[in-house]
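Chains as they are written, first to last, in my numbering: chain C, 1 to 119; chain A, 120 to 231. Idealized CB from N, CA, C, for every residue including glycine. Source: prediction; values computed, not measured. See below for the structure under consideration.
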């Protein structure tokens, strides 16, 4: 299996621009997570999906952030407009549980991340 | 989101040393516990799960203390390749789902 695939690997943009991050989870996985990692705050959960349905987006910083999962093999995280404080590494992760969201032992598989720099 | 706390370190140890990290969690209802490893500029990867009775995988030993709400990771005979950040992960019920919450990580540097 190719693993979780994220694109782009690096994104440099100017403040105010729209940024779209993409994720392809591992085939067959039924939960997908978006995390943001910074030195100051560590890994923060932004939003997660079970069977393509957003379950909890309470970690999304503000209305500038939105995420979609139109099908089981694709998800996007969009920031519009972007700000310098959004600069971070954004990770997508997926997992499988017999009943999504109820898995206690299932491990997360992470993508390689997107390094976002907003100037 | 429930809190998971770790000493950020860095722990700077010579090859062959034994080193231990602790992680405390605040949600007493937490059900599952893990240690992940993250190399510099890479994604986190599962190192090992932590079971109630404690478990060992080669040079790595993980233990859980539910009464005091902490988990630990012991690394024996440290190798240069063990240098990384070790992330504690706790899964607890959140609105009916089991969501993984990460600590900020403990940095380990193993030197010759």
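The C-beta of residue 123 of chain A has 16 or more other C-beta atoms within 10 Å across all chains shown, which makes the residue buried. Bridge pairing for residue 168 of chain A: A/153 [DSSP].
Listed along the chain, the chain A residues whose CB falls inside 8 Å of the CB of residue 96 of chain C amount to none; the nearest CB is some 13 Å away. One Cα belongs to residue 68 of chain C, the other to residue 138 of chain A, and the distance between them is close to 42 Å. Contact note: residue 91 of chain C reaches chain A through 162, using a C-beta cutoff of 7 Å and chain order. The C-alpha of residue 33 of chain C is placed about 12 Å away from the C-alpha of residue 6 of chain C. Of the other Cβ atoms in all chains shown, 16 or more fall within 10 Å of the Cβ of residue 11 of chain C; this residue is therefore buried. When secondary structure is reduced to three states using DSSP, residue 25 of chain C falls in the coil class, being assigned neither helix nor strand. Residues of chain A whose Cβ lies closer than 9 Å to the Cβ of residue 45 of chain C are, in chain order, 120, 218, 219, 220, 221.
Against chain A, the CB of residue 105 of chain C has a partner CB under 8 Å away; the residue lies at that interface. Look at the stretch 84-118 of chain C and you find these whole runs of beta strand (DSSP E), each 3 residues long or longer: 88-95, 114-118.
Residue 106 of chain C sits away from residue 93 of chain C, with the two beta carbons spaced by 8 Å or more. Residue 88 of chain C sits buried, since 16 or more C-beta atoms from the chains shown fall within 10 Å of its C-beta. Rounded to whole angstroms, the gap between the alpha carbons of residue 217 of chain A and residue 50 of chain C is 11 Å. Assigned with DSSP and collapsed to three states, residue 176 of chain A falls in strand. With a threshold of 16 other beta carbon atoms within 10 Å, residue 37 of chain C meets it and is buried.
Taking a C-beta distance under 8 Å as the contact criterion, residue 225 of chain A and residue 127 of chain A qualify as a contact pair. Residue 28 of chain C sits exposed, since fewer than 16 C-beta atoms from the chains shown fall within 10 Å of its C-beta.
Within the stretch 1-60 of chain C, complete beta strand (DSSP E) segments of at least 3 residues are found at 5-7, 10-13, 19-24, 31-38, 42-50, 53-56, given in chain order.
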